[in-house]
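Q: Quick one: the structure is below, and I'll ask about it shortly.
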């Protein structure tokens, strides 16, 4: 798959024939849906795989609702509205979501649709998952071993990316590793979290071994949108951090930092410039292309302020994913000096209303922006290494890694002393015996928050480090009078805090999915 951004439309035309269905796991055999005799050679498999890259677009339409919206980074901009979608956003913000939630179902459906397309690619390449291992066998496609390694490696990365998001959002999920027909789909149950992670680790390990490990400067421009070994290793490191296995994450992170050729851009703003796409900081991104091809980015119009006309972006905005005052305050300049470039890149305002600036560029028509969406950045890699090194408390090297990221943004360095005095942090419980570790964790989480704002990382960061209930509980307290008391339906502070439980960190399995599976009882997540 070469020149990904320009050939992705071919993938849309191909996958359109195999992605429409009522139940997410149901799909007729390929021969019955207009793709007979496809997957015959590398070119056709590349076309199908391009469709799988395009399949990354739809989940992003709702992913921010299930991640950023459920943290202290963003909020619903019209809390008093009784419009259905606005009320659904209120529910996510207040942790009152139900199994009937339309946006949760939309996300679930879009992810599994793309997993199905990815599984078709792997099946025709002869790549299977057996007993915890990825097996490279013989498939229908006539490809060389080199072509198979590259194509399968990319597909494995994409599948792992999807399942990593699913398992973190829903817990036990349907573990589908090959195309299934409707009769088989009704026999599929939820697989334990541990089994899902086994697949993710196997997929990413195989991807890291089979994909190109060329240094960034050696990658042809037409290949920069494709997953490579460095993206696979970085994502696998995040998987290991999520599993509380820093010793497994560190070698991968060291390899990426030392050998990949990726690095920090000279300024924070350049990372997101449409004139500097797939730069040396972007290990992997969901790519978009403006120009009326049907693959433009929706975020400019979705996140621009509503009723702003064409002042911010052509076609007006919806005002969704509004930055919180709490996040804006996190960019404050310490009394000792320094300034942080990131606030001006991430957040702007129109008529006193804040909005996400990060993904807004000029558009000719609505929902057709050029901006790519970063999934893995080098700054993230540095901060992951700091996290891995600081699992048992701050180390000198972990502080230095945080400072690398801060220095690029023009912010002052930290000396590893009193973190709490220079970091914006929430009140935290705990005695003096854990103060140093607690302060370091606050420092790290704050840095990830302001560096990776609106990249759908904050929710996962708080869950991974066990801080979500504490941080969001404090956020509810601080924001109730100015924000949450205006929500519809009206909610008291006590009720708001009562919603925030460990059970409701996971989202519910969509009820329609449970009801459709009439041959096996599908258990719902606890709390729903």
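Residue numbers (UniProt numbering): 1 to 528.
Each residue gets a CB set at the ideal place from its N, CA and C atoms; glycine is no exception.
1) DSSP puts residue 472 in a beta bridge; with which residues?
2) So, are the CB atoms of residue 187 and residue 520 less than 8 angstroms apart?
3) Hey, would you say residue 476 sits closer than 8 angstroms to residue 445, going by beta carbons?
4) Can you tell me which of 259, 166 and 369 puts its alpha carbon nearest to the alpha carbon of residue 215?
5) Kindly list the residues whose CB is nearer than 7 angstroms to the CB of residue 19, restricted to its own chain and excluding five residues on each side of it in sequence; keep chain order.
6) Less than 7 angstroms between C-beta atoms, sequence neighbours within five positions excluded: which residues of the same chain meet that for residue 468?
7) According to DSSP, is residue 263 helix, strand or coil?
8) With DSSP collapsed to three states, give me the class of residue 297.
9) Consult DSSP for residue 440 and reduce its assignment to one of helix, strand or coil.
10) Whole-angstrom Cβ separation of residue 41 and residue 143, contact assumed at under 8 angstroms?
11) Quick one: what does DSSP say residue 127 is sitting in, helix, strand or coil?
12) Residue 257 bridges to which residues according to DSSP?
13) Does the beta carbon of residue 190 come closer than 8 angstroms to any beta carbon on chain B?
14) When you measure from the CB of residue 347 to every non-hydrogen atom of the ligand NAP, does any distance come out below 7 angstroms?
15) How far does the beta strand (DSSP E) with residue 282 in it extend, from its first residue to its last?
16) With 16 as the cutoff for other CB atoms within 10 Å, does residue 34 come out buried or exposed?
17) With the cut-off set at 8 angstroms, would you say residue 125 and residue 152 are in Cβ contact?
18) Give me, in chain order, the residues of the same chain whose beta-carbon lies closer than 6 angstroms to that of residue 249; leave out the 5 immediate sequence neighbours on both sides.
19) Specify, as a first and last residue, the run of the beta strand (DSSP E) that residue 133 falls within.
20) Give the range of the beta strand (DSSP E) segment to which residue 70 is assigned.
21) Use the C-beta contact count for residue 135: other C-beta atoms within 10 angstroms, 16 or more gives buried, fewer gives exposed.
22) What residues match up with residue 352 in a beta bridge as DSSP calls it?
23) DSSP three-state label for residue 308, please.
24) Which full runs of the alpha helix (DSSP H) of 4+ residues lie inside the segment 168–224, going along the chain?
25) Are the CB atoms of residue 331 and residue 343 nearer to each other than 8 angstroms?
26) With a threshold of 7 angstroms on Cβ separation, who are the neighbours of residue 456 within its own chain once the five nearest residues in sequence on each side are excluded?
27) Quick one: grab the DSSP three-state call for residue 41.
28) Could you tell me the distance, in whole angstroms, from the CA atom of residue 285 to the CA atom of residue 213?
29) Can the beta-carbon of residue 322 be found closer than 8 angstroms to that of residue 478?
30) With respect to the beta strand (DSSP E) encompassing residue 463, which residues constitute its N-terminal and C-terminal limits?
31) For residue 378, list the residues DSSP reports as bridge partners.
32) Which residues in the same chain have their Cβ closer than 7 angstroms to the Cβ of residue 163, if we skip the five residues on either side of it in sequence?
33) Residue 359 and residue 299: beta carbons closer than 8 angstroms?
34) Which value, in whole angstroms, describes the spacing of the CA atoms of residue 274 and residue 493?
35) Among 90, 37 and 171, whose alpha-carbon lies nearest the alpha-carbon of residue 191?
36) Counting along the chain, where does the alpha helix (DSSP H) carrying residue 516 start and finish?
A: Let me lay it out:
1) Residue numbering aside, residue 472 sits at position 472 when the chain shown is read from its first letter. DSSP, once it has assigned bridges, lists no residue as partnering residue 472.
2) Residue mapping note: residue 187 aligns to position 187 of the chain shown, counting from 1. Residue mapping note: residue 520 aligns to position 520 of the chain shown, counting from 1. Against a cut-off of 8 angstroms, the Cβ pair of residue 520 and residue 187 comes out as a contact.
3) Position 476 of the chain shown holds residue 476. Position 445 of the chain shown holds residue 445. No. Outside cutoff.
4) In the chain shown, counting from the first residue as 1, residue 215 sits at position 215. Comparing Cα-Cα distances from residue 215 to each of 259, 166 and 369, the minimum goes to 259.
5) One-based indexing of the chain shown puts residue 19 at position 19. Per-residue confidence for residue 19 stands at a pLDDT of 34, beneath the threshold of 50, marking its modelled position as unreliable; the derived number appears in the next sentence. Excluding residues within five positions, the ones whose Cβ falls inside 7 angstroms are 113 and 117.
6) Within the chain shown, residue 468 is the residue found at index 468, counting from 1. Annotation for residue 468: 462 and 505 place their beta carbon closer than 7 angstroms to its own, counting only its chain and skipping 5 residues before and after.
7) Position 263 of the chain shown, counted from the first residue, corresponds to residue 263. Of the three classes helix, strand and coil, the one that applies to residue 263 here is coil, per DSSP.
8) Here the question's residue 297 lines up with position 297 in the chain shown. Residue state, collapsed to three classes: strand.
9) Numbered from its first residue, the chain shown carries residue 440 at position 440. Here residue 440 carries a helix assignment [DSSP, helix/strand/coil].
10) Stepping through the chain shown from its first residue, residue 41 is reached at position 41. Stepping through the chain shown from its first residue, residue 143 is reached at position 143. Residue 41 to residue 143, Cβ: 7 angstroms. Contact.
11) In the chain shown, the residue the question calls residue 127 occupies position 127. DSSP places residue 127 in strand when its eight states are reduced to three.
12) Sequence index remark: in the chain shown, residue 257 carries index 257 (1-based). According to DSSP, residue 257 bridges with nothing at all.
13) Annotation note: the requested chain B is absent from the structure, which comprises a single protein chain.
14) In the structure shown, the ligand NAP is absent, as is every other ligand, since no ligand is present at all.
15) Counted from its first residue, the chain shown places residue 282 at position 282. Here the beta strand (DSSP E) through residue 282 covers 282–286.
16) What you label residue 34 is simply residue 34 of the chain shown in a count that begins at 1. Unreliable placement is indicated for residue 34, whose pLDDT of 45 sits below 50; the coordinate value is still reported in the next sentence. When all chains shown are included, residue 34 counts as exposed.
17) Counted from its first residue, the chain shown places residue 125 at position 125. Counted from its first residue, the chain shown places residue 152 at position 152. Contact: yes.
18) By one-based count along the chain shown, residue 249 stands at place 249. 237, 240, 241 and 388.
19) In the chain shown, residue 133 corresponds to position 133, counting from 1. Looking at the DSSP string, the run of the beta strand (DSSP E) that includes residue 133 is 133–136.
20) Residue 70 sits at position 70 when you count from the first residue of the chain shown. No beta strand (DSSP E) holds residue 70; DSSP gives it neither H nor E.
21) As a working mapping, residue 135 is identified with position 135 in the chain shown. The residue is exposed, with fewer than 16 neighbouring Cβ atoms inside 10 Å.
22) As a working mapping, residue 352 is identified with position 352 in the chain shown. For residue 352, which the question treats as bridged, DSSP gives no partner whatsoever.
23) Stepping through the chain shown from its first residue, residue 308 is reached at position 308. In the structure shown, residue 308 sits in coil (DSSP, three-state: anything other than H, G, I, E or B).
24) 182–185 and 193–210
25) Taking the first residue of the chain shown as position 1, residue 331 is located at position 331. Taking the first residue of the chain shown as position 1, residue 343 is located at position 343. Yes, they are a contact pair.
26) Walking along the chain shown from the start, residue 456 turns up at place 456. If we look at residue 456 and ignore the five residues flanking it on each side, its Cβ neighbours are 63, 64, 67 and 68.
27) Start at 1 with the first residue of the chain shown, and residue 41 comes out as number 41. Of the three classes helix, strand and coil, the one that applies to residue 41 here is strand, per DSSP.
28) As a first step, residue 285 must be located in the chain shown, where it is residue number 285. As a first step, residue 213 must be located in the chain shown, where it is residue number 213. Computed Cα separation, rounded: 17 angstroms.
29) Within the chain shown, residue 322 is the residue found at index 322, counting from 1. Within the chain shown, residue 478 is the residue found at index 478, counting from 1. By the CB criterion at 8 angstroms, residue 322 and residue 478 fall outside the cutoff.
30) For the purposes of this step, residue 463 is taken as residue 463 along the chain shown, with counting starting at 1. Run containing residue 463: none in the beta strand (DSSP E); it sits in the alpha helix (DSSP H), 458–464.
31) Taking the chain shown and counting its residues from 1, one reaches residue 378 at position 378. Paired residue(s): none; residue 378 is not in a bridge.
32) What you label residue 163 is simply residue 163 of the chain shown in a count that begins at 1. Counting only Cβ-Cβ distances below 7 angstroms, and skipping sequence neighbours, we find 196, 199 and 200.
33) As a working mapping, residue 359 is identified with position 359 in the chain shown. As a working mapping, residue 299 is identified with position 299 in the chain shown. Going by C-beta atoms, residue 359 is nearer than 8 angstroms to residue 299.
34) Within the chain shown, numbered from 1, the residue matching residue 274 stands at position 274. Within the chain shown, numbered from 1, the residue matching residue 493 stands at position 493. About 42 angstroms.
35) Taking the chain shown and counting its residues from 1, the one referred to as residue 191 is at position 191. Ranking 90, 37 and 171 by Cα distance to residue 191 puts 171 first.
36) Your numbering for residue 516 matches position 516 in the chain shown. 511–516 is the extent of the alpha helix (DSSP H) around residue 516.
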